[in-house]
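*Asks:* As numbered in full-length UniProt numbering, residues 1 to 303 make up the sequence shown, in order.
Ideal Cβ positions, reconstructed from N, Cα and C, are used throughout, including at glycine.
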Amino acid sequence: MTAEITLFVNPAAGNGRGRDAAQPAARALRAAGFSVRTVVGTDADDALARARAAVRGGTGALVAVGGDGMVSLALQAVAGTDTPLGVVAVGTGNDIARALGLPVRAPARAGRIIAEALKGGRGRVVDLGRVDGRWFGSVLASGFDSRVNDRANRMRRPVGRLRYDLAMLAELAALRPVPYRITLDDGPALEIEAILVAVGNGPSYGGGMRICGDAELDDGLLDVTVVGECSRTTLVRVFPRVYRGSHLAHPAVTAHRAAKVTLEAPGVTGYADGEPVGPLPVTVEAVADAVRVLVPASALAVP
1 MTAEITLFVN
11 PAAGNGRGRD
21 AAQPAARALR
31 AAGFSVRTVV
41 GTDADDALAR
51 ARAAVRGGTG
61 ALVAVGGDGM
71 VSLALQAVAG
81 TDTPLGVVAV
91 GTGNDIARAL
101 GLPVRAPARA
111 GRIIAEALKG
121 GRGRVVDLGR
131 VDGRWFGSVL
141 ASGFDSRVND
151 RANRMRRPVG
161 RLRYDLAMLA
171 ELAALRPVPY
181 RITLDDGPAL
191 EIEAILVAVG
201 NGPSYGGGMR
211 ICGDAELDDG
221 LLDVTVVGEC
231 SRTTLVRVFP
241 RVYRGSHLAH
251 PAVTAHRAAK
261 VTLEAPGVTG
271 YADGEPVGPL
281 PVTVEAVADA
291 VRVLVPASAL
301 AVP
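Structure representation (structure tokens):
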């Protein structure tokens with residue numbers, strides 16, 4: 001086990017929590033006997049280049065300090081390698097951390113968990129989604145939810161889940177179904193008018209919205225949630241249920257599972273882990289056993 005750990009820090013995450021969280025996480029790792037090196041890039045491309053260099057250099061772990069965006073960036077460096085990923089979740093949504101059973105906004109505790117997992121040779125090997133060469137851990141959103149994501153990302157206030165709620169209300173005024181063509185694995189294409197289609201490696205996005213509530217991180221499959229044509233009133237009435245995942249039982253919602261999903265729809269952009277991946281069409285693949293994440297013993301999958 002290499003004793004040097006790389007902290008991959010987003011200083012702007014959670015209105016500065018990323019910068020503040022790096023120190024208690026580093027202290028916990030050093031107290032456990034690890035040497036800690038911090039990587040902060042001038043921008044996302046520079047940060048990723050530095051993270052990849054650390055992985056090539058044999059760092060013992062790459063620890064993302066920030067929100068889902070920072071974890072997603074770290075995945076681009078560690079996916080498909082032997083380097084484990086640690087997560088110090090201090091961002092706004094933290095959906096990837098929650099899906100993994102990791103603490104949120106508790107950097108010292110997260111640091112201790114990472115140290116204990118490294119010393120015990122422990123980790124959870126999980127799947128990732130891949131689209132156009134980009135890895136993602138939670139959900140690829142398209143349609144209404146990607147427009148909400150686009151608006152929420154432009155907003156600076158409020159923080160947390162309320163920002164997504166307000167962005168959703170603003171987008172309701174322009175609500176309209178979109179003609180989708182959805183291909184699951186090598187089956188026949190499904191053509192449907194839909195408000196949104198979400199492809200989940202994990203269950204949630206947007207700070208706890210369980211849009212693909214039954215998704216599992218280690219089943220080798222993607223969960224596809226399709227919200228068909230419905231009124232604004234129906235969408236508003238059903239929306240609160242997404243935080244429990246009970247929206248999946250609504251007649252306007254259908255769910256599918258596949259290892260590969262192709263989405264086609266005019267004028268729609270896809271977002272993966274909250275980051276834009278470009279306009280549809282896109283093909284999303286589940287990649288089994290793509291990364292080892294340092295988690296507490298309680299979060300390990302039971303055989």
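Need the endpoints of the beta strand (DSSP E) that Glu4 sits in, please.
*Replies:* Glu4 to Val9
*Asks:* Are the beta-carbon atoms belonging to Thr83 and Ala64 less than 8 Å from one another?
*Replies:* No, the Cβ-Cβ distance between Thr83 and Ala64 is not below 8 Å.
*Asks:* I need the straight-line Cα distance from Gly91 to Phe239, nearest angstrom please.
*Replies:* 23 Å
*Asks:* Let me check one thing: in DSSP terms, what residues is Gly66 bridge-paired to?
*Replies:* Ala89
*Asks:* In the DSSP output, what is Gly271 paired with across the bridge?
*Replies:* This sequence places Tyr at residue 271; Gly is not what is there. Its beta-bridge partners are Ala141 and Pro276.
*Asks:* So, using beta-carbon positions, are Ala115 and Val104 closer together than 8 Å?
*Replies:* no
*Asks:* Cα separation between Val39 and Arg52?
*Replies:* 11 Å
*Asks:* For Ala286, which residues does DSSP report across the bridge?
*Replies:* Gly129
*Asks:* Quick one: Cα of Leu280 to Cα of Val197, how far?
*Replies:* 12 Å
*Asks:* Rounded to whole angstroms, what is the Cα-Cα separation between Pro303 and Leu222?
*Replies:* Reliability fails at Pro303, whose pLDDT of 40 lies under 50, so the model's placement of it is uncertain and no value is given.
*Asks:* Contact defined as beta carbons within less than 8 Å: I believe Leu140 pairs with Ala272. What is the distance between those atoms, to the nearest angstrom?
*Replies:* 4 Å
*Asks:* What residue range is occupied by the uninterrupted alpha helix (DSSP H) comprising Val295?
*Replies:* Neither: Val295 is in no alpha helix (DSSP H) and is coded neither H nor E.
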